[in-house]
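Only one structure is covered here, and it is reproduced in the block below.
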Amino acid sequence: MKVSIFGLGYVGVVTAACLARDGHEVICVDVNPNKVNIINSGNSPIIEPGLEDLLVKGIKQNRIIATTDAQESVINTDVSLISVGTPSTQAGGVDLSFVFKVCAEIGSSIYQKGSPHVVVLRSTVQPGTLDYCSSLIKDRSKNIPVHFAFNPEFLREGSAIRDYNEPPYTVIGTKDIIAESTIRELYAKIMSPFIVVKPEVAEMLKCVSNAWHAVKISFANEIGRIAKEFRVDGREVMNMLVQDAKLNVSPAYMRPGFAYGGSCLPKDVGALIRYAQEKATPIPLLNSLPETNRIQVESAVQEVIRVKARRVTVLGLAFKPRTDDLRESPAVILVKRLLGEGCKVKIYDKPVYQATLMGSNLEYIQRNLPHFRELMMADPKLALKNSELVIVTYPEPEFRDLLLNISPEVSILDLAGLFNEPPEGVNYYGIGW
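Each residue of the sequence shown is one higher than the last, beginning at 599 in my numbering.
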C-alpha cells in the first residue's frame, strides 16, 4: 500500500520503518524540516534499537521518503496515519491543536486529490476525537468519500520495534468496513488478533492503558515505602503478589522502583483526571498519582540529604533504558533538586549523550536543566570518579557491571531494583527496600 504518516515522533518513525520493511511505500510528513532532512539522509531522529537499520533499508529500496508537503503526500497515497503530538495543556488536559491542524490539511488535500482516501488516527486522544476529526475532514473534502478509524499503538520506547512486531492485539476503532480492511492489510504480516470496536472505545482504551501502567508503578512504590518502615523488602512482597495471574495482574511495572515519567503516562493520567473533573466524577486514586509520583522523587532527594552526600553520580537521565527521551523524566527533576541542595552532580546516560535532541524533548531539558550537557560524562569511569554516592534511576545491565566493581567507600542508592541482593561490601539501599 501507499501510506502517508503525519508526525515524525517515536510512533511515526517506528511505524514508517516497520511498514516499509513489510513492503509498503511510506511518505513521512512533518513540519520540522530538520527531522525530514535527517530521515532523507538515512539517519534516525530518535534513539531506538534497530530503527536506523530499518530506515536505511527502506530508503535504499525507495520505500521511505520524508517531506514537509502535506498535500502531495495525501495525493500520492491511499491511506494517511496521524501520529502527531498531543501535549498537555496548562490546565492538565490534552492539546489537540496539532491533530486538528493536520486533519484540516488532509481534508483539503483529499479534495485536491479527488478520489477516496482512508484516514487513521493514532495519536492518543480523548473519546469522541475521531468523530470531531471526521467532521473537520469532511467539511474540507466536500463530497469525496473518506473512511475513518482509530488505531491505538502500544509501543514502548526502547523496545518499540519488538512491540510493533508482537503486539498483544491490534485494535481497530471504526464502524467503516473499508477502513477496517485497510488496517488489516497494513498489518497483514503482524501475527496478533484483530479486535474491532467503536472508535470511542478504542480511544478510551489507550488512555486507560497508560493510566493503568501509572497506577501499577505508583501502587508498587507506595507498598515499598510502607514495607521499609516494617523492615520488609517491598520487592519480595510484590514479587509474591504478581504470581497470582488469575485476577489479571501483570508483572510489568509491578515492583517498587523510581517514579514514572515519559511523554505518555504523566500526560494521559493528567488528562483522565481533567476529564473526571469536568464530569464531576470522583477518582481519588487517580487524583493521588501525580502526588505519590512527586513523593517518590522527593524521597530520593531526602535520602541524599540524609546521608549528607555532596558528590553524586546519577546513572540514567532518560525516563527509561535504551531511549534518549527526557520528557517528564523523574531523573531530570531529581538532578534539578540535587543541584538546588548544593550537590555536585555528574550524569552518565549513553543514549542521551549520543543523541541529537530536538523538539519538545530538547525544550523540556532546556527548561529544567539548561546546562545539562556540562553534567554529562562520556566515560562511565570518569562519572564515578571521586563520587560519594551513586544513584541508579533505571535498570540497565551496563550499570550493574559498573557497580559490581565499585569502591566500598561509595554508597549506592538504587531506585530501580538493579540488584536483588546487595553487592558485597557496599553500602547499598533503595527507597522501597
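Note that the Cβ used here is the ideal one computed from N, Cα and C, for glycine as well.
For the alpha helix (DSSP H) holding residue i, just list the boundary residues, first then last.
i: E1019; result: Segment: none, E1019 is in no alpha helix (DSSP H) and carries neither H nor E.
i: G771; result: Taken as a continuous stretch (DSSP letters only), G771 belongs to no alpha helix (DSSP H), being part of the beta strand (DSSP E) at T768 to G771.
i: Y946; result: No alpha helix (DSSP H) holds Y946; the beta strand (DSSP E) holding it covers K942 to Y946.
i: L936; result: P928 to G938
i: K804; result: P797 to E827
i: R965; result: G957 to N966
i: I657; result: L649 to K658
i: S790; result: Taken as a continuous stretch (DSSP letters only), S790 belongs to no alpha helix (DSSP H), as it is neither H nor E.
i: E778; result: I775 to L784
i: E755; result: Careful: E755 lies outside any alpha helix (DSSP H) and carries neither H nor E.
i: F970; result: F970 to L973
Is the CB-CB distance between residue i and residue j below 8 Å?
i: L653; j: I603; result: no
i: R998; j: L1016; result: yes
i: M852; j: K814; result: yes
i: I735; j: G712; result: no
i: N808; j: C862; result: yes
i: P1006; j: G1023; result: yes
i: S1009; j: V905; result: yes
i: K934; j: A981; result: no
i: I637; j: P643; result: yes
i: V609; j: S681; result: yes
i: L924; j: Y946; result: no
i: W1031; j: P854; result: yes
i: N867; j: L884; result: Here residue 867 turns out to be Val, not Asn, going by the sequence shown. Yes, Cβ-Cβ distance for V867 and L884 is below 8 Å.
i: P797; j: D729; result: yes
i: P949; j: I759; result: no
i: V717; j: I776; result: no
i: E801; j: P725; result: yes
i: I963; j: V930; result: yes
From which residue to which residue does the beta strand (DSSP E) around residue i run?
i: H715; result: H715 to L719
i: D831; result: It is not in any beta strand (DSSP E) - D831 carries neither H nor E in the DSSP assignment.
i: T911; result: R909 to L913
i: V677; result: V677 to I680
For residue i, which residues does DSSP report across the bridge?
i: A664; result: C626
i: Y1027; result: L1011
i: F604; result: V627 and I680
i: S686; result: V692
Within the stretch 699-753, note down every full alpha helix (DSSP H) run reaching 4 residues or more, in order along the chain.
727-739
Sequence ranges, beta strand (DSSP E) only - wholly within the stretch 841-881, length at least 3:
The qualifying runs do not exist here; there are none.
Length at least 3, wholly inside the stretch 977-1009: the beta strand (DSSP E) runs in chain order
The beta strand (DSSP E) runs of length 3 or more contained entirely in the stretch 977-1009 are, from start to end of the chain, 987-990.
Do the stretch 731-750 and the stretch 767-781 meet, that is, are 3 or more Cβ pairs less than 8 Å apart?
Counting C-beta pairs with one atom in each stretch, the stretch 731-750 and the stretch 767-781 have three or more that are closer than 8 Å, which means they touch.
Would you check if the stretch 883-897 and the stretch 946-965 touch, i.e. whether three or more CB-CB distances between them fall below 8 Å?
Touching, no.
Just checking, does the stretch 685-694 make contact with the stretch 651-671 on the three C-beta pairs under 8 Å criterion?
no
When you compare the stretch 605-619 with the stretch 748-762, are there three or more beta-carbon pairs, one atom per stretch, that lie closer than 8 Å?
yes
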